[in-house]
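Report on one structure; see the data block that follows.
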Amino acid sequence: MARGTSPLAVPFDILRQVFDDISLLADLAAAALVCRHWTEPAQMALYQRPLSFVLAKPLSEIPTTTSLFAHTMETCPHLRPLLRDVSLILSSYYTKERTGWLQLIPENAICKFKYTASVPDGSLIHNLALFDTPSLRTVTDFTIGSLFSMDEISIVLSLPCLTRLTLEYNTSFDSHVDSALASASTVKHLKLASQINCWCPGAFRVFIALAPRLESFTTNGPFHDQRYASWRDWMEAEIASHSRTLRTLIIDARKMETRPSTPFLDDLVEDNASLVRLRIFPGAYTALLFGRLPPTLEVLEVDLASRGADDLQPGRPAYEALVECIGRVREARARAALREVVFRMFPGGAHPTFAEVAKACVASGVKFRCERPSLQA
Numbered sequence: 024m025a026r027g028t029s030p031l032a033v034p035f036d037i038l039r040q041v042f043d044d045i046s047l048l049a050d051l052a053a054a055a056l057v058c059r060h061w062t063e064p065a066q067m068a069l070y071q072r073p074l075s076f077v078l079a080k081p082l083s084e085i086p087t088t089t090s091l092f093a094h095t096m097e098t099c100p101h102l103r104p105l106l107r108d109v110s111l112i113l114s115s116y117y118t119k120e121r122t123g124w125l126q127l128i129p130e131n132a133i134c135k136f137k138y139t140a141s142v143p144d145g146s147l148i149h150n151l152a153l154f155d156t157p158s159l160r161t162v163t164d165f166t167i168g169s170l171f172s173m174d175e176i177s178i179v180l181s182l183p184c185l186t187r188l189t190l191e192y193n194t195s196f197d198s199h200v201d202s203a204l205a206s207a208s209t210v211k212h213l214k215l216a217s218q219i220n221c222w223c224p225g226a227f228r229v230f231i232a233l234a235p236r237l238e239s240f241t242t243n244g245p246f247h248d249q250r251y252a253s254w255r256d257w258m259e260a261e262i263a264s265h266s267r268t269l270r271t272l273i274i275d276a277r278k279m280e281t282r283p284s285t286p287f288l289d290d291l292v293e294d295n296a297s298l299v300r301l302r303i304f305p306g307a308y309t310a311l312l313f314g315r316l317p318p319t320l321e322v323l324e325v326d327l328a329s330r331g332a333d334d335l336q337p338g339r340p341a342y343e344a345l346v347e348c349i350g351r352v353r354e355a356r357a358r359a360a361l362r363e364v365v366f367r368m369f370p371g372g373a374h375p376t377f378a379e380v381a382k383a384c385v386a387s388g389v390k391f392r393c394e395r396p397s398l399q400a
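Residue numbers (this note's numbering): 24 to 400.
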């Protein structure tokens with residue numbers, strides 16, 4: 024590639040292409056050195072999303088992309104500031120040498136970091152020097168990819184620049200967040216994601232602790248599983264109680280097969296005067312919700328992605344209330360912020376055309392669209 028390469032000519036992650044195409048026996052560092060002669064914008068495409076696996080076997084036995092990547096970072100200092108997004112999988116055979124290259128990355132380089140422990144070793148994260156490295160002290164977006172304990176969460180919450188936190192879990196535990204740590208937290212955006220049909224009260228207590236300072240909250244919750252009925256009732260009440268200052272509330276109910284115990288979103292929207300984006304789902308609301316939406320709301324997402332979701336069938340009270348709500352936007356355009364209505368439909372399911380909603384949106388200058396998100400998305 025020529026010295027004057029335009030960034031428009033680099034529409035992909037260069038490092039990913041190298042990982043995919045180069046032989047594992049080749050020297051990645053030699054390939055990466057080429058970028059010294061590129062323009063700075065072209066260099067920025069190099070490390071959009073490197074993925075580093077730390078294997079249990081000695082690096083000398085398996086010349087993996089991990090060892091090549093580490094070698095590149097150790098021998099190419101001009102590339103270190105370009106690192107932006109790292110996903111690191113750690114095994115119980117962790118040694119400091121395998122991730123020592125993180126110590127070389129400067130502050131304010133890595134923006135996103137995902138940490139995944141391959142085994143539920145509660146002491147693993149405490150043995151890591153990772154969280155004392157300059158590069159991680161300035162991370163703003165952190166994901167714990169396999170949550171096992173509140174200790175892990177507490178360490179991450181102590182990162183001084185953190186604004187986005189994602190907790191992914193496939194096991195359950197219950198514990199509380201230290202109140203002083205929660206009060207000092209800089210997290211503004213929280214996402215809780217169950218990887219399987221699992222309910223983790225400890226993860227949800229993080230939301231409760233951080234709620235006063237959160238701007239957005241996303242969860243897929245155990246709304247769909249009767250085994251967690253008692254926890255579900257508690258969770259619905261806590262969401263309603265602690266979401267009064269949120270600007271964005273996203274509850275993903277694509278796999279839900281049972282309905283919530285109460286239409287808790289009706290009261291939630293009445294008490295929240297700052298919502299900008301809201302996703303609602305069957306059973307969590309009634310027709311009353313559409314008369315209570317705050318004038319600040321810009322995007323309303325209606326999740327129909329559940330079997331038997333008939334709340335918004337034409338002719339039903341909720342459907343008619345939504346049409347009236349959209350019509351009021353035209354009448355109060357100066358005071359209403361609503362600009363988009365999205366219907367999220369169950370993949371493969373049969374749904375009506377929602378002609379009345381579409382017509383009302385056109386008349387009120389509101390964008391209307393339907394989408395069928397993948398269940399795996």
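C-beta: ideal position from N, C-alpha, C; glycine also.
Measuring alpha carbon to alpha carbon, tell me which residue in the options is nearest residue i.
| i | options | result |
| --- | --- | --- |
| Ala355 | Asp201, Pro317, Pro337 | Pro317 |
| Thr285 | Ile303, Asp275, Ala260 | Ala260 |
| Asn295 | Val210, Ala307, Ser177, Thr271 | Thr271 |
| Val179 | Thr194, Phe196, Val210, Asp197 | Val210 |
| Ala364 | Val325, Gly350, Ala378 | Checking the sequence shown, residue 364 turns out to be Val, not Ala. Among Val325, Gly350, Ala378, the Cα nearest to that of Val364 is on Val325. |
| Arg107 | Ile273, Ser195, Leu269, Ser158 | Ser158 |
| Ser198 | Cys221, Val229, Leu204 | Val229 |
| Ala140 | Cys134, Thr194, Ala381, Asn243 | Thr194 |
| Ile303 | Ile274, Leu320, Lys135, Asp290 | Ile274 |
| Phe196 | Ser202, Cys221, Ser208 | Cys221 |
| Ala234 | Ser208, Lys137, Asn243, Cys223 | Ser208 |
| Met258 | Cys223, Asp289, Cys393 | Cys223 |
| Leu269 | Arg300, Asp290, Ala252, Asp289 | Arg300 |
Consult DSSP for residue i and reduce its assignment to one of helix, strand or coil.
| i | result |
| --- | --- |
| His265 | helix |
| Val299 | coil |
| Lys382 | helix |
| His199 | coil |
| Val162 | coil |
| Leu180 | helix |
| Cys393 | strand |
| Asp108 | strand |
| Phe240 | strand |
| Ala232 | helix |
| Glu191 | strand |
| Ser217 | strand |
| Leu272 | strand |
| Asp343 | Residue identity check: residue 343 is Glu in the sequence provided, not Asp. Here Glu343 sits in helix by DSSP. |
| Thr98 | helix |
| Thr122 | helix |
| Ile349 | helix |
| Val365 | strand |
| Glu130 | coil |
| Leu320 | coil |
| Leu327 | strand |
Would you tell me roughly how many angstroms separate the C-alpha atoms of residue i and residue j, rounded to the nearest one?
| i | j | result |
| --- | --- | --- |
| Ala383 | Met368 | 19 angstroms |
| Ala310 | His212 | 29 angstroms |
| Arg395 | Ala276 | 13 angstroms |
| Thr122 | Gln218 | 26 angstroms |
| Leu48 | Pro305 | With a pLDDT of only 39 at Leu48, under 50, the local geometry of the prediction cannot be trusted, and the value read off the model is given with reservation. Taking the straight line joining both Cα atoms gives about 53 angstroms. |
| Val352 | Leu361 | 7 angstroms |
| Trp472 | Pro104 | Since the first residue shown for the chain is 24 and the last is 400, residue 472 is missing from the structure and cannot be characterised. |
| Lys214 | Phe366 | 22 angstroms |
| Val385 | Gly225 | 44 angstroms |
| Ser172 | Arg339 | 45 angstroms |
| Ala359 | Leu237 | 24 angstroms |
| Phe240 | Phe313 | 21 angstroms |
| Leu182 | Arg160 | 6 angstroms |
| Leu298 | Val322 | 9 angstroms |
| Lys80 | Leu345 | Note that Lys80 scores 47 on pLDDT, short of 50, meaning its location in the model is unreliable; the coordinates nonetheless yield the value given after this. Whole-angstrom Cα-Cα distance: 58 angstroms. |
| Ser206 | Gly388 | 42 angstroms |
| Thr376 | Asp174 | 49 angstroms |
| Phe287 | Tyr308 | 6 angstroms |
| Leu204 | Ser177 | 7 angstroms |
| Phe391 | Ala381 | 6 angstroms |
| Asn131 | Thr319 | 34 angstroms |
| Phe154 | Glu379 | 54 angstroms |
| Ala263 | Thr242 | 14 angstroms |
| Cys348 | Ile112 | 48 angstroms |
Report all residues from its chain with a CB closer than 7 angstroms to the CB of residue i; omit the five preceding and five following residues, and keep chain order.
| i | result |
| --- | --- |
| Ile231 | Glu261, His265 |
| Glu191 | Thr166, Ile167, Gly168, Ser169, Leu170, Ala216, Gln218 |
| Tyr342 | Leu335, Gln336 |
Please list, in chain order, all residues of the same chain as residue i whose beta carbon is under 8 angstroms from its beta carbon, the five residues on each side excluded.
| i | result |
| --- | --- |
| Glu293 | Arg315 |
| Ile133 | Leu106, Arg107, Asp108, Val109, Ser158, Leu159, Thr161, Val162 |
| Ser202 | Ala232 |
Mind checking whether the beta-carbon of residue i lies closer than 6 angstroms to any heavy atom of the ligand MG?
| i | result |
| --- | --- |
| Leu361 | Within the structure as shown, the ligand MG is missing, as the structure has no ligands at all. |
What residues in its chain sit with their C-beta under 6 angstroms from that of residue i, if we drop five residues either side in the sequence?
| i | result |
| --- | --- |
| Gly350 | Ala383 |
| Arg267 | Asp294, Asn295 |
| Gly331 | With a pLDDT of only 47 at Gly331, under the threshold of 50, the placement of this residue in the model should not be trusted; the figure read from the coordinates follows. Excluding residues within five positions, none has a Cβ falling inside 6 angstroms. |
Consider the Cβ of residue i: report whether some Cβ of chain B lies at a distance smaller than 7 angstroms.
| i | result |
| --- | --- |
| Leu127 | Among the protein chains of the structure shown there is no chain B, as only one such chain exists. |
### Query
Touch check for the segment 158–166 and the segment 176–194: three-plus C-beta pairs under 8 angstroms?
yes
### Query
For the 8 angstroms Cβ check, are there 3 or more pairs between the segment 93–100 and the segment 120–129?
yes
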